[in-house]
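Residue 234 in the UniProt record's numbering is what sits at position 234 of the sequence shown, and the numbering runs on without skipping anything.
All C-beta atoms in this analysis are idealised placements derived from N, C-alpha and C, irrespective of residue type, glycine included.
Have a look at the structure below, then the notes.
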Amino acid sequence: MTDLTLSGETPGILPDFPIDRRGFIAGVLSAGFALAVRSSPASETLIHTGSEGLASGEIEIETANGKIPAYRSAPAGSGTFPVILVAHEIFGVHEHIRDITRRLARLGYLAIAPELFHRQGDVSRLKNIDEIRGQVLSRLPDEQVLSDLDAAVVWADEHGGDPGRLGITGFCWGGRITWLYAAHQPRLKAGVAWYGRLVGEHTALTPRYPIDVAGELKAPVLGLYGGQDQGIPLDTVKQLRAALKTAGSASEIQVYPDAPHAFYADYRPSYHKASAEDGWQRLQAWFKAHGL
Numbered sequence: 001m002t003d004l005t006l007s008g009e010t011p012g013i014l015p016d017f018p019i020d021r022r023g024f025i026a027g028v029l030s031a032g033f034a035l036a037v038r039s040s041p042a043s044e045t046l047i048h049t050g051s052e053g054l055a056s057g058e059i060e061i062e063t064a065n066g067k068i069p070a071y072r073s074a075p076a077g078s079g080t081f082p083v084i085l086v087a088h089e090i091f092g093v094h095e096h097i098r099d100i101t102r103r104l105a106r107l108g109y110l111a112i113a114p115e116l117f118h119r120q121g122d123v124s125r126l127k128n129i130d131e132i133r134g135q136v137l138s139r140l141p142d143e144q145v146l147s148d149l150d151a152a153v154v155w156a157d158e159h160g161g162d163p164g165r166l167g168i169t170g171f172c173w174g175g176r177i178t179w180l181y182a183a184h185q186p187r188l189k190a191g192v193a194w195y196g197r198l199v200g201e202h203t204a205l206t207p208r209y210p211i212d213v214a215g216e217l218k219a220p221v222l223g224l225y226g227g228q229d230q231g232i233p234l235d236t237v238k239q240l241r242a243a244l245k246t247a248g249s250a251s252e253i254q255v256y257p258d259a260p261h262a263f264y265a266d267y268r269p270s271y272h273k274a275s276a277e278d279g280w281q282r283l284q285a286w287f288k289a290h291g292l
């Protein structure tokens, strides 16, 4: 097994060996997670949300550049449900992310987690964080990610979702994407960004960061950050707060003084129960306050 550490990341685990696919979708979405949990001291904190009473499972989403896999959960039965997009962390759509969609479904949402790395590579087959960064993130354009999220909204519209009630939440890598999507999608009602990086190097593939779009948000975002996060300095949080205030944005930022990066990841040693539970309650209140 390989210990994974990224700037701002608490160590996690991915397998050193390739994992055979079980079909086009299932292999992409599930590989490696069981081994990760068994190898982690955080296994005792792991939260499991069952699928009873839910319509949950793997799907394919048609995008502008072919199909990508995704995982969706919604209340079982007929109905039109508000839609929450889930932007995954750097490890892709593994079981923790799938569980989050089920948690949201139990709140009455149609939740969709697209595999946003799919065209660049299967991270479950990579040995360490450097390979993920070098082989996947270095080739991943933000424009493609935002377009794929838009395609997930179209899928939801065709499968029992109400895109007029649209939200997004994202974690780590997906936290940054949450801010960007709020500046991109005019139909969005609200977003919740969990410890997404706020500043960074501007490149052709990643031309903007949350600090750059503070004045362009089309929906308010609730940012949830850890005071002990070594990869997201608090001075960058202060910079974003100031930019949001200058822009007159209704967005808010909550900092948990004792929480590290990835404090919501109950499958990792970084899990900080009090902060995670409070953040989840704030997410629910935020979405309800904005019509979701």
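Quick check on the burial criterion: 16 or more other C-beta atoms within 10 angstroms. Buried or exposed for residue i?
| i | result |
| --- | --- |
| Thr236 | buried |
| Pro210 | buried |
| Arg139 | exposed |
| Pro186 | exposed |
| Gly291 | exposed |
| Asp130 | exposed |
| Gly215 | exposed |
Am I right that residue i and residue j are in contact with their C-beta atoms under 8 Å? What's the rounded C-beta distance?
| i | j | result |
| --- | --- | --- |
| Glu115 | Gly92 | 6 Å |
| Leu86 | Thr169 | According to the sequence displayed, residue 86 carries Val and not Leu. Contact flag correct, Cβ pair sits at about 6 Å. |
| Trp173 | Ile253 | Not a contact, Cβ separation roughly 18 Å. |
| Leu205 | Pro141 | 5 Å |
| Ile112 | Trp179 | Not quite, the Cβ-Cβ distance comes to about 19 Å (not below 8 Å), so this is no contact. |
| Arg282 | Leu222 | 6 Å |
| Gln120 | Val136 | 4 Å |
| Ala152 | Phe287 | Not confirmed; about 17 Å, so no contact. |
Keeping to the same chain, check which residues put their C-beta closer than 8 Å to that of residue i; ignore five residues upstream and five downstream.
| i | result |
| --- | --- |
| Gly108 | Pro75, Phe81, Pro82 |
| Leu188 | Leu166, Gly167, Ile168, Tyr181, Ala182, Lys218, Ala219 |
Going by beta carbon distance, what residues of the same chain come within less than 6 Å of residue i, once the five residues before and after it are set aside?
| i | result |
| --- | --- |
| His272 | Ala259, Phe263 |
| Arg176 | Gly196, Arg197 |
| Asp266 | Thr45, Leu46, Ile47 |
| Trp194 | Phe171, Gly175, Leu224, Tyr264 |
| Gln96 | What sits at residue 96 in the sequence shown is His, not Gln. Excluding sequence neighbours, His96 sits near Tyr267. |
| Arg98 | Tyr71 |
Excluding the five sequence neighbours on either side, which residues of its own chain have a C-beta within less than 7 Å of the C-beta of residue i, listed in chain order?
| i | result |
| --- | --- |
| Arg102 | Thr49, Ser51, Leu54, Ser56, Ser73 |
| Gln228 | Asp258, Ala259, Pro260 |
| Val162 | According to the sequence as given, residue 162 is Asp; it is not Val. Closer than 7 Å at Cβ, skipping near neighbours: Thr80, Phe81, Pro82, Val83. |
| Asp148 | Thr63, Ile68, Pro114, Leu116 |
| Ile132 | Ile90, Val123, Leu126 |
Strictly under 8 Å for the Cβ-Cβ distance: is residue i near chain D by that measure?
| i | result |
| --- | --- |
| Ser249 | Given the protein chain composition of this structure (a single chain), no chain D is represented. |
**OP:** Count the CB pairs spanning the segment 51-68 and the segment 224-235 that are closer than 8 Å, and state whether there are at least three.
**Re:** The segment 51-68 is not in contact with the segment 224-235.
Original post:
Whole beta strand (DSSP E) runs in the segment 217-282 with 3 or more residues, listed along the chain?
Top reply: Along the length of the segment 217-282, whole beta strand (DSSP E) runs at least 3 residues long occupy 221-226, 252-256, reported in chain order.
Original post:
Mind pulling the beta strand (DSSP E) runs of 3 or more residues that sit fully within the segment 134-208?
Top reply: 161-171, 188-194, all fully within the segment 134-208.
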